[in-house]
Amino acid sequence: MTEYDSYGTNAHTTSELVRLVTDLLEVTFTGRESDYRGAYDIADSARGCIEIQPNAIPGDDGQHDLYVPEHPSVQVLLLTATPSPDPALHRRLSSIEGLGHLGHEAL
Numbered sequence: 002m003t004e005y006d007s008y009g010t011n012a013h014t015t016s017e018l019v020r021l022v023t024d025l026l027e028v029t030f031t032g033r034e035s036d037y038r039g040a041y042d043i044a045d046s047a048r049g050c051i052e053i054q055p056n057a058i059p060g061d062d063g064q065h066d067l068y069v070p071e072h073p074s075v076q077v078l079l080l081t082a083t084p085s086p087d088p089a090l091h092r093r094l095s096s097i098e099g100l101g102h103l104g105h106e107a108l
């Protein structure tokens, strides 16, 4: 089973959030580009995967779509995928001022 958590912020840009999470968790992010998701940053670690991206992603019609439409006001997303629940990771990410937990899903 994989645990997925989503966080969001309007207080930080994607690059600011990458820097904050890098310092907090001592992970290394790599920039990626996707036709579906646009530009995003990803870090793989022993804990799992962390991705940071804008909520607005390029749409097929030239307009931006929302990656997480349930939260239209959120500008920047942080997404985690861990092999099991990780309360310590959740506590550390929740310590970032302006970053809020949006949801959890286990698949």
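To get the working numbering, take the position in the sequence shown, counting from 1, and add 1.
Don't be surprised by glycine CBs; every beta carbon is placed ideally from N, CA and C.
Unbroken alpha helix (DSSP H) run spanning residue i, endpoints
i: D1; result: Here the chain comprises residues numbered 2 to 108, so residue 1 is not present and cannot be evaluated.
Separation of residue j from residue i, as counted between CA atoms
i: H13; j: G99; result: 8 Å
i: Q76; j: G104; result: 16 Å
i: T81; j: Q64; result: 27 Å
i: L78; j: Q54; result: 5 Å
i: R33; j: A44; result: 11 Å
i: I58; j: S96; result: 27 Å
When the options are compared against residue i, the one with the closest alpha-carbon
i: A40; options: L21, T15 and V22; result: T15
i: T10; options: D36, G101, P70 and T3; result: G101
i: L94; options: T3, A107, A44 and V22; result: V22
i: S7; options: S85, H72 and P84; result: H72
The beta strand (DSSP E) enclosing residue i, as first and last residue numbers
i: E52; result: G49 to P55
- prompt: Quick one: any contact between the stretch 76–95 and the stretch 32–52, if contact means 3 or more CB pairs under 8 Å?
  reply: Look at the beta carbons and you see the stretch 76–95 touching the stretch 32–52: at least three pairs across the two are nearer than 8 Å.
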